[in-house]
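Right, one structure below, let's go through it.
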Ligand code: HXC
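Numbering (the UniProt record's numbering), first residue to last: 1 to 257.
As structure tokens, this is what we get:
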């Protein structure tokens, strides 16, 4: 690992971002958030981008929360600025035009859980631990947890987790729909490679349109959202991708996207 706070590497247009403050269990401070924002600003303009995978450095932690050392002496205005900075960066991550997957490799607490919630979906290693422990520190979640957690797992389960601050293991996170899959810790890397192959093998414009349809449609009533799907579906017939994909199927070969 280098001394950068965000390590980036990628193949086939799938970028891997590793949050790199392992001594502090990858806690999110202003420096790390600013670096993440800069990396995302660069990625959002890249036409060759197919997907983003995000994980934490080390064996123990995805992200153990916002940095408590940095937060302790903040005034209300400084706290507002800190939360706003993170919210803007998480929004940028969420609105990347490609799938964003959290590979949760350990502690996923507070702001870490909120970061995972800003991703499209999450795969957890079997040692992962999730929670929103903020009330135990005398505050509420401030990086989107009170809003994205109920949208992911329902308001009752979100309030259970947020008001008790209890921690849950990977299997409970799977059961409540906070993560999509749980894999043995040693297999997270091979799962990431398989995911890279899958995501890079599909029609890139179709994948982008699918994400747009789901995200934009969630904010609309059903009729408007279905009309959005029809528009994006039809748009898929305007480029080369659809004819290549369907021709490849009919010619019994792999598509070349
Ligand atoms: C700053 C942190 C940290 C954090 C861990 N560390 N979490 N530093 N902010 N959120 C540091 C520890 O101080 C310690 O530093 C080192 O990382 C290793 O942590 P340990 O506690 O020694 O490890 P362990 O005993 O294994 O316990 C792991 C842990 C515990 C259960 C994850 O570290 C923990 O409870 N951390 C805080 C979790 C939390 O409350 N997160 C929510 C934060 S509030 P040293 O220097 O002693 O080695 C939040 C709000 C978001 O996220 C919204 C804000 C607007």
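We treat Cβ as the ideally placed atom computed from N, Cα and C, and that holds for glycine. A quick note: this is a predicted structure, and the numbers were derived from the prediction, not measured.
When DSSP states are grouped into helix, strand and coil, residue 16 belongs to the strand group.
The C-alpha of residue 231 is placed about 10 Å away from the C-alpha of residue 225. Looking only at 94, 106, 93, 25, the smallest Cα-Cα distance to residue 66 is reached by 25. Residue nearest to residue 204 within the set 23, 28, 39, 49 is 49 (criterion: CA-CA distance).
When distances are taken from the beta-carbon of residue 169 to the heavy atoms of ligand 1, even the shortest one reaches 7 Å or more. Cα atoms of residue 165 and residue 240: separation of roughly 50 Å, rounded to the nearest angstrom. Separation of residue 197 and residue 75 (C-alpha to C-alpha, rounded to the nearest whole angstrom) is 47 Å. Contact annotation: residue 122 and residue 106 have beta-carbon atoms that are not nearer than 8 Å. Counting along the chain, the unbroken beta strand (DSSP E) around residue 103 starts and ends at 100-104. Taking residue 15 as the centre and dropping the five residues before and after it, the same chain places the C-beta of 8, 9, 43, 49, 51, 52, 53 closer than 8 Å to its C-beta, in chain order. Taking a C-beta distance under 8 Å as the contact criterion, residue 131 and residue 28 do not qualify as a contact pair. In terms of Cβ geometry, residue 183 and residue 243 do not form a close pair [threshold 8 Å]. Residue 11 sits away from residue 82, with the two beta carbons spaced by 8 Å or more. For the set 163, 235, 115, the Cα lying nearest the Cα of residue 32 is the one of 115. Residue 41 counts as exposed, since fewer than 16 other C-beta atoms from the protein chains shown sit within 10 angstroms of its C-beta.
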